[in-house]
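Notes follow the structure.
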Amino acid sequence: MELYVPVIQTTHLFRQQEITYLQMIPSPLITLRYTAPVKCLFWKRLQMITIGERLVKLLVDLNFENHPIIIHCFSNGGAFLYQNFSLALEKSPKPIQIKGVIFDSAPGKRRIVSLFRAISAILGGKPLYNIPMSVLMTMFLSMIWLYEVISNYINPKTTFQSNPLENLKNEKNTWPQHFIYSKKDVLIPFTDIEYFADYRRSLGVDVTSLCYEGSPHVKHYTEHKESYVNSVCNFLNKCLNGTN
2 MELYVPVIQT THLFRQQEIT YLQMIPSPLI TLRYTAPVKC LFWKRLQMIT IGERLVKLLV
62 DLNFENHPII IHCFSNGGAF LYQNFSLALE KSPKPIQIKG VIFDSAPGKR RIVSLFRAIS
122 AILGGKPLYN IPMSVLMTMF LSMIWLYEVI SNYINPKTTF QSNPLENLKN EKNTWPQHFI
182 YSKKDVLIPF TDIEYFADYR RSLGVDVTSL CYEGSPHVKH YTEHKESYVN SVCNFLNKCL
242 NGTN
């Protein structure tokens, strides 16, 4: 998850994986980047609550509460982190100026097939090792998730960490949201993202999107650099300066 914070200074600091955002908006930009540990995404998800709270505390400690902030989430992991960050904002000692959120290849519903593919991509290696290990881990995590669902059904909890799409669907915050996704994404079906975007739009949220025909999961920038940068740039300018 990326937090773009425009500040008044003479240099730029960027820490995003490949993208150079130097021409995106007129004012200088600081990027704070955080990637959640894999264990927190799969089986220790309650730790994400603490991570969200720490991110909010970091912004307050850095005195960024007076600066407009744009959030850029990648995949369901980023959406999951944003979910907990959003909840932590409600308890922040100072109001944080979130101006908009960008979702890259997210959010999506939880599916066994998507879980298997995600684990397989993370493990890597030769098929002889990858496939058996991916199957075993998928079965193990599926049992954990099933247990959590049943437990929450019997004893509902407000901290239930089940499905980013469903949890964010009725998020209280209504700042603009921009979705970048692909019809060929094998991890997050484009229909999930369009369903979520349409639902948020029906609630009065300012929703925009950019859909590609064939780029892989979270690799839209790699294959469509110019249109990707223009899309993000337009969204940033709209949120920060009120222009397209």
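Quick note on our numbering: the sequence shown kicks off at 2 and runs consecutively.
Where a beta carbon is used, it is the ideal one built from N, C-alpha and C, also for glycine.
C-alpha gap between residue i and residue j, whole angstroms
i: Glu66; j: Ile97; result: 5 Å
i: Leu241; j: Asn171; result: 24 Å
i: Lys226; j: Ser210; result: 16 Å
i: Leu63; j: Tyr35; result: 16 Å
i: Lys45; j: Leu116; result: 15 Å
i: Asn156; j: Pro177; result: 34 Å
i: Ile132; j: Ser76; result: 22 Å
i: Leu33; j: Ile70; result: 10 Å
i: Pro38; j: Lys127; result: 23 Å
i: Ile189; j: Asn168; result: 16 Å
Option nearest residue i by Cα separation, candidates the options
i: Lys194; options: Ser106, Ile70, Lys58; result: A quick correction: the sequence has Ile, not Lys, at residue 194. Closest by alpha carbon: Ser106.
i: Asn235; options: Val208, Val219, Tyr200; result: Val208
i: Lys58; options: Gly78, Lys92, Tyr83, Cys41; result: Lys92
i: Lys110; options: Leu166, His68, Phe75, Phe43; result: Leu166
i: Cys41; options: Leu60, Lys239, Ser203, Ala80; result: Ala80
i: Phe104; options: Val219, Glu224, Asn231; result: Val219
i: Ala198; options: Val102, Gly78, Met144, Thr223; result: Val102
i: Tyr229; options: Leu60, His73, Ala37; result: His73
i: Val150; options: Thr139, Ile50, Val206, Asn164; result: Asn164
Endpoints, alpha helix (DSSP H) assigned at residue i
i: Leu188; result: From DSSP, Leu188 is part of no alpha helix (DSSP H); its letter is neither H nor E.
i: Arg229; result: The question names Arg, yet the displayed sequence has Tyr at residue 229. Looking at the DSSP string, the run of the alpha helix (DSSP H) that includes Tyr229 is 226-242.
Residue i in three-state terms, based on DSSP
i: Leu42; result: helix
i: Leu47; result: coil
i: Lys100; result: strand
i: Arg55; result: helix
i: Arg202; result: helix
i: Asp105; result: strand
i: Tyr213; result: strand
N- and C-terminal bounds of the beta strand (DSSP E) containing residue i
i: Tyr182; result: 178-183
Flag this pair as touching only if the stretch 84-98 and the stretch 48-62 have three or more C-beta atom pairs under 8 Å; answer yes or no. yes
Tell me whether the stretch 176-188 and the stretch 205-219 touch, counting them as touching only if at least three CB pairs, one residue from each stretch, are closer than 8 Å. yes
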